[in-house]
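Here the sequence shown stands for residues 1 to 169, where the numbers follow full-length UniProt numbering.
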Amino acid sequence: MERKEFLSLVGISVGAVILQQCLSGCKSDGGDPSPNSGGNNGNSNGNSGGGSNTTTGLTGNASLASGKIDFTLDLTSTTYKDLKTEGKALIVGDVIVAKTKDGAYIAVAKKCTHQGTTVDFESNNNRFNCSNHGSNFDLNGQVINGPATSPLTQYNAAFDATKNTLKVS
Ligand code: FES
Numbered sequence: 001m002e003r004k005e006f007l008s009l010v011g012i013s014v015g016a017v018i019l020q021q022c023l024s025g026c027k028s029d030g031g032d033p034s035p036n037s038g039g040n041n042g043n044s045n046g047n048s049g050g051g052s053n054t055t056t057g058l059t060g061n062a063s064l065a066s067g068k069i070d071f072t073l074d075l076t077s078t079t080y081k082d083l084k085t086e087g088k089a090l091i092v093g094d095v096i097v098a099k100t101k102d103g104a105y106i107a108v109a110k111k112c113t114h115q116g117t118t119v120d121f122e123s124n125n126n127r128f129n130c131s132n133h134g135s136n137f138d139l140n141g142q143v144i145n146g147p148a149t150s151p152l153t154q155y156n157a158a159f160d161a162t163k164n165t166l167k168v169s
């Protein structure tokens, strides 16, 4: 083997060794960032818990536009639990439902018969008041003073102590 041939052979071998070490070194020194790629999967269940269809505590119809007023309130629900307190009132659809200071349940149409303003329940005066022009109605919806001349429609309000429900019809 001539000197030139020998050096050429050694050069190729050294080059091959260097290339091999570089390739293997590149693999191991690359730092592999992939394990962090899945870090945000904790949000995937954000809306999967349901609950958007929770019951409001009302069954039946509280809208005059939908026909006859006939509904039942669950007084254990957060929406209607105030009606267990004397002197409190709530608007339910087209109806104002109240529990008087004496503990009686009453329900009348919420719209003043004068010009349609929603009336307020005044528990201390045992009446419904329209703040618009000052009409007052008694607990049965009858006019105490005008300008309204027609009574508020009165509904039957029946409390079921066993079920803790109030049926208005
Ligand atoms: S709208 Fe109620 S008194 Fe006029």
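Cβ atoms here follow ideal geometry from the backbone N, Cα and C, with glycine treated the same way. Because the structure is a prediction, the values reported are computed rather than measured.
Run of the beta strand (DSSP E) containing Lys163, from where it starts to where it stops: Per DSSP, Lys163 belongs to no beta strand (DSSP E) and is neither H nor E.
Nearest to Val95 (by Cα), restricted to the options Thr76, Thr79, Asn61, Ile144: Asn61
Segment limits, beta strand (DSSP E) that includes Asn124: Segment: none, Asn124 is in no beta strand (DSSP E) and carries neither H nor E.
Residues of its chain near Gly42, where Cβ-Cβ distance is below 7 Å and the 5 sequence neighbours each way are ignored: Low per-residue confidence applies at Gly42: pLDDT is 32, beneath 50, and the placement is therefore not dependable, though the value from the model is reported in the following sentence. Taken in chain order, the list of residues that qualify is empty.
Residue 180 and Lys167 closer than 9 Å at C-beta: Limits of the chain in this structure are 1 at one end and 169 at the other, which puts residue 180 out of reach.
3 or more residues per run - each beta strand (DSSP E) lying fully within the segment 48-88: 58-61, 70-74
Distance cut-off 8 Å: Val97 Cβ against heavy atoms of the ligand FES: no
Whether Asn125 touches Asn136 by CB criterion (9 Å): yes
Assigned exposure category for Lys110 - 16 Cβ within 10 Å defines buried: buried
Same chain, Cβ closer than 7 Å to Thr85, five either side skipped, listed in chain order: Lys99
Cutoff 7 Å; reference Tyr155; Cβ partners in own chain excluding five residues on either side: Ile69, Val95, Ala107, Val108, Val168, Ser169
7 Å Cβ shell around Phe159 - same chain, five flanking residues per side excluded: Tyr105, Leu166
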